[in-house]
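Quick note, the sequence shown lines up with residues 21 to 57 if you use our numbering.
Following: one structure in structure tokens, then a few remarks.
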Amino acid sequence: ISRPLSDASVIKYLVVKLCAHILGPLYKHFCIRYGRS
Numbered sequence: 021i022s023r024p025l026s027d028a029s030v031i032k033y034l035v036v037k038l039c040a041h042i043l044g045p046l047y048k049h050f051c052i053r054y055g056r057s
């Protein structure tokens, strides 16, 4: 069993994953919608 990550590392990882999950589709949607103005 690997050493448990610190709370800060876990939070940072979750925040990055959440941002990627939310901003990814929004970024694509924005580019598709406004990219061909």
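All C-beta atoms in this analysis are idealised placements derived from N, C-alpha and C, irrespective of residue type, glycine included.
One alpha carbon belongs to Asp27, the other to Leu34, and they sit about 10 angstroms apart. Collapsing the DSSP output to three states places Leu25 in coil.
Cβ-Cβ distances below 6 angstroms link Pro45 to nothing in the same chain once the five nearest sequence neighbours on each side are left out.
If you draw a straight line from the Cα of Tyr47 to the Cα of Ala40, it is about 10 angstroms long.
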